[in-house]
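In the working numbering, the protein residues as written are 372 to 673. Just so you know, even glycine gets a beta-carbon here, dropped at the ideal spot from N, CA and C. Data block below; observations after.
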């Protein structure tokens with residue numbers, strides 16, 4: 372059932388439990404669509420919605436508040452009012468909502484807030500392209516993604532407006548690296564697909580240099596099939612059989628191609644801090660995926 376704010380059915384049974392959805396906003400245009408996705412997640416999982424913003428008070432503001440106890444500086448008052456308006460805009464149909472104005476750096480405060488309200492999902496917007504046409508995430512998004520140890524959903528400028536379709540997530544893409552830690556990403560992919568009654572695609576991209584020998588390719592295929600078998604019992608009866616693909620090429624290029632060709636509505640990307648996709652460098656594959664994807668990207672950090 373839809374309302375004026377978008378898709379808001381009763382939460383269906385799902386293996387994925389979320390207590391809190393934290394929308395980290397910087398009040399920019401790129402945050403607006405992310406806020407709508409955060410509200411959808413909060414409504415759909417019956418979770419609390421926290422609308423959060425971090426700031427560092429100016430020296431003048433600190434002096435005013437120190438001198439006049441109980442009096443807010445102009446900056447704090449403006450940010451508090453902006454957070455209240457943003458929370459009211461997104462709270463229709465949400466079980467509960469509140470605003471959190473935090474002092475300090477976002478890479479410390481937002482992950483800390485998520486840890487206090489576990490199990491939590493962080494949702495934030497990204498910029499996409501900066502000067503000279505280079506892919507950028509925005510400094511706040513970069514800091515939070517590099518610092519968090521939990522799931523984070525990024526919504527870039529190429530993502531269609533949330534709630535334009537009903538439901539907003541009809542096909543989930545899970546990109547797996549076939550590592551032992553990938554099971555956590557699979558659980559989130561299956562949980563999201565269950566919650567939205569969505570189809571699920573499973574993609575593993577093999578670099579050409581890694582399968583030079585036929586025996587190596589056969590081993591990779593067996594591991595891929597084993598991961599698919601492990602996923603099936605978790606969603607049996609709730610979804611159709613996964614659409615599974617093994618592809619050869621550069622991981623981030625093939626993942627973005629798959630999103631376009633299959634019209635994916637959500638990408639679940641499991642990242643290890645030591646992997647070649649990790650966000651430490653702006654040349655990393657994950658950086659390009661998050662900046663350019665035509666759907667939200669749910670990164671599972673491990």
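Query, Result
"Give the range of the alpha helix (DSSP H) segment to which residue 411 is assigned.", "400–416"
"Just reading off the alpha helix (DSSP H) that residue 450 is part of, what are its end residues?", "445–461"
"Go ahead and pull the three-state DSSP assignment for residue 516.", "helix"
"If residue 394 sits next to residue 405, beta carbons under 8 Å apart, how far is it from one beta carbon to the other, in whole angstroms?", "7 Å"
"Determine, using beta carbons only, whether residue 642 and residue 663 come nearer to each other than 7 Å.", "no"
"With a Cβ-Cβ cutoff of 7 Å, do residue 498 and residue 401 count as a contact?", "yes"
"Can you give the Cα-Cα distance for residue 485 and residue 425, rounded to whole angstroms?", "13 Å"
"Is there contact here, the segment 568–581 with the segment 515–530, by at least three beta-carbon pairs under 8 Å?", "no"
"Determine the direct distance from the alpha carbon of residue 415 to that of residue 615, and round the result to whole angstroms.", "27 Å"
"Give the range of the alpha helix (DSSP H) segment to which residue 658 is assigned.", "656–663"
"Between residue 461 and residue 567, what straight-line distance do the alpha-carbon atoms span, to the nearest angstrom?", "20 Å"
"Could you tell me the distance, in whole angstroms, from the CA atom of residue 562 to the CA atom of residue 446?", "41 Å"
"Could you check if residue 468 is buried or exposed, using at least 16 other CB atoms within 10 Å of its CB as the buried criterion?", "buried"
"Could you spell out where the alpha helix (DSSP H) holding residue 629 opens and where it closes?", "622–633"
"Would you tell me roughly how many angstroms separate the C-alpha atoms of residue 617 and residue 511, rounded to the nearest one?", "34 Å"
"Let's test the definition: count the other Cβ atoms within 10 Å of the Cβ of residue 556 and tell me whether it reaches 16, buried, or not, exposed.", "buried"
"If you run the structure through DSSP and keep just helix, strand and coil, what is residue 472?", "strand"
"Can you tell me the Cα-Cα spacing of residue 491 and residue 475, whole angstroms?", "20 Å"
"Could you give the DSSP three-state label for residue 486: helix, strand or coil?", "helix"
"Based on DSSP bridge pairs, tell me the residues matched to residue 315.", "There is simply no residue 315 to check, as the chain begins at 372 and stops at 673 in what is shown."
"How many Å lie between residue 671 and residue 521 at the Cα?", "6 Å"
"Looking only at its own chain, which residues have a Cβ that is under 6 Å from the Cβ of residue 635, when we skip the five neighbours before and after it?", "542, 544 and 666"
"Would residue 572 and residue 633 be called neighbours here (beta carbons separated by less than 7 Å)?", "yes"
"Please state whether the Cβ-Cβ distance between residue 560 and residue 465 is less than 7 Å.", "no"
"For the beta strand (DSSP E) containing residue 525, list its first residue and its last residue.", "523–526"
"Give me the Cα-Cα distance between residue 454 and residue 448, rounded to the nearest whole angstrom.", "10 Å"
"Measuring CA to CA, which of 417, 457 and 516 is closest to residue 482?", "516"
"Please classify residue 562: does DSSP put it in a helix, a strand, or coil?", "helix"
"What are the boundary residues of the beta strand (DSSP E) that residue 638 is part of?", "637–642"
"Alpha carbon to alpha carbon, how far is residue 625 from residue 444? Give it in angstroms, no decimals.", "50 Å"
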